[in-house]
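Quick notes on the structure that follows.
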Amino acid sequence: MASLNVGNLGEYLREQRNAAQLSLRQLADAAGVSNPYLSQIERGLRKPSADVLQQVAKALRISAETLYVRAGILDEREREELETRAVILADPSINERQKNVLLQIYDSFRRENGFVPETDKADGTDGADRTPRTDETPEAGKTPTAADETPKTADARKDDNPHS
């Protein structure tokens, strides 16, 4: 069987498995794949699906996106963008509206620097005049009201009043 062109995925997996001090059989069991199949992936004889890579990444406790890049499924810049978005979305200290605002600012800066966000590539626009999707507002189709805003302290409210 000829080796497939999957970058250095197999070598990288072997290095990560050894660093985790797991045998091939242990990793295969943890990832829910067969031992021979994992061996073929490590030797570059099989190209795994994104689902299999995700299972292997979870078993190794590494980023699935890193494996996607190594397998040629994902571009390095796309991986960085996805990781940044994931961190913002996972932050429990900010609410959904704030997360959406941060993502919009992030996309704006990327566009300014010549990168077109993935959401804009899908619709063929540069995204500069993109109307927010309904899931980007606090509640789908609802215009934000004062009740949707983050509560302000008394000092912050006083600063908003031009007559004080």
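Counting from 30, one number per residue, gives the positions in the sequence shown under the working numbering. Cβ atoms here follow ideal geometry from the backbone N, Cα and C, with glycine treated the same way. Just so you know, these numbers come straight off a predicted model, no measurement behind them.
Extent of the continuous alpha helix (DSSP H) run through residue i
i       : result
Leu-89  : 79–89
Lys-128 : 125–141
Leu-118 : 105–119
Ala-93  : 93–99
Supposed contact pair residue j and residue i - C-beta distance, whole angstroms, cut 8 Å
i       : j       : result
Ala-60  : Gln-84  : 4 Å
Leu-131 : Ile-117 : 5 Å
Proximity of residue i and residue j at Cβ, strictly below 8 Å
i       : j       : result
Arg-99  : Asn-47  : no
Ile-70  : Gly-39  : yes
Arg-108 : Glu-125 : no
Tyr-97  : Ala-119 : no
Leu-82  : Leu-67  : no
Ala-49  : Leu-74  : no
Environment of residue i [buried if 16+ CB atoms lie within 10 Å]
i       : result
Ala-169 : Note that Ala-169 scores a pLDDT of 40, beneath 50, so its modelled location is shaky and nothing firm can be said.
Pro-65  : exposed
Pro-121 : exposed
Ala-115 : exposed
Asn-129 : buried
Leu-42  : buried
Asp-155 : Since pLDDT at Asp-155 reaches only 43, below the 50 mark, its modelled position is unreliable, and the value read off the structure follows with that caveat. Result: exposed.
According to DSSP, residues forming a beta bridge with residue i
i      : result
Asn-64 : Answer by DSSP bridge pairing: none, since Asn-64 is not bridged.
Residue i Cβ short of 7 Å to the ligand ADP heavy atom set
i      : result
Gln-50 : Absence of the ligand ADP is noted for the structure shown, with no ligands found whatsoever.
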